[in-house]
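First comes the structure, then the notes that go with it.
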Amino acid sequence: MKVWVIGSGSAVWGFALTGVGGDVVTSAEDLSRALDRALARDDLGILLITDDVAEMDRSRVDRLIMESEQPLVVEIPGPKGPVPGRPSIQQMLRRTIGVKV
748 MKVWVIGSGS AVWGFALTGV GGDVVTSAED LSRALDRALA RDDLGILLIT DDVAEMDRSR
808 VDRLIMESEQ PLVVEIPGPK GPVPGRPSIQ QMLRRTIGVK V
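Note that the sequence shown ends on residue 848 in the numbering used here; no numbers are left out.
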């Protein structure tokens, strides 16, 4: 299983240095196309999305984080650090299933 990243140029290029492929996204349309391509692949195990890019289609990204089994969708901080006020994955799980993780 492979890891793929969807994010800004600097994030994708940084991951490329470690051998992880990705899509550079600069608009909501780019994000939609990148997500569609990534979700259609059967070789992806983990899909990383930077939080700055996730904000371009927050509802879809949140739904994928909570519902996608393969690939596992994980939101990571972008190059400028985490988006202020955004709940962590742990906080979202606690709110969704009512269990402290």
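Yeah, the Cβ is synthetic: ideal placement off N, Cα and C, and Gly gets one too.
Comparing alpha-carbon positions, the option among Pro831, Pro829, Lys827 and Met813 lying closest to Arg841 turns out to be Met813.
Under DSSP, the beta-bridge partners assigned to Lys749 are Leu791.
Taking each of Glu802, Gln838, Leu811 and Gly828 in turn and checking the Cα distance to Ser774, the smallest one comes out for Glu802.
Counting only runs of at least 3 residues, the stretch 751-777 fully encloses the following beta strand (DSSP E) elements, listed from N- to C-terminal order: 768-771. Nearest to Arg805 by C-alpha distance, out of Glu822, Val767 and Leu794, is Glu822.
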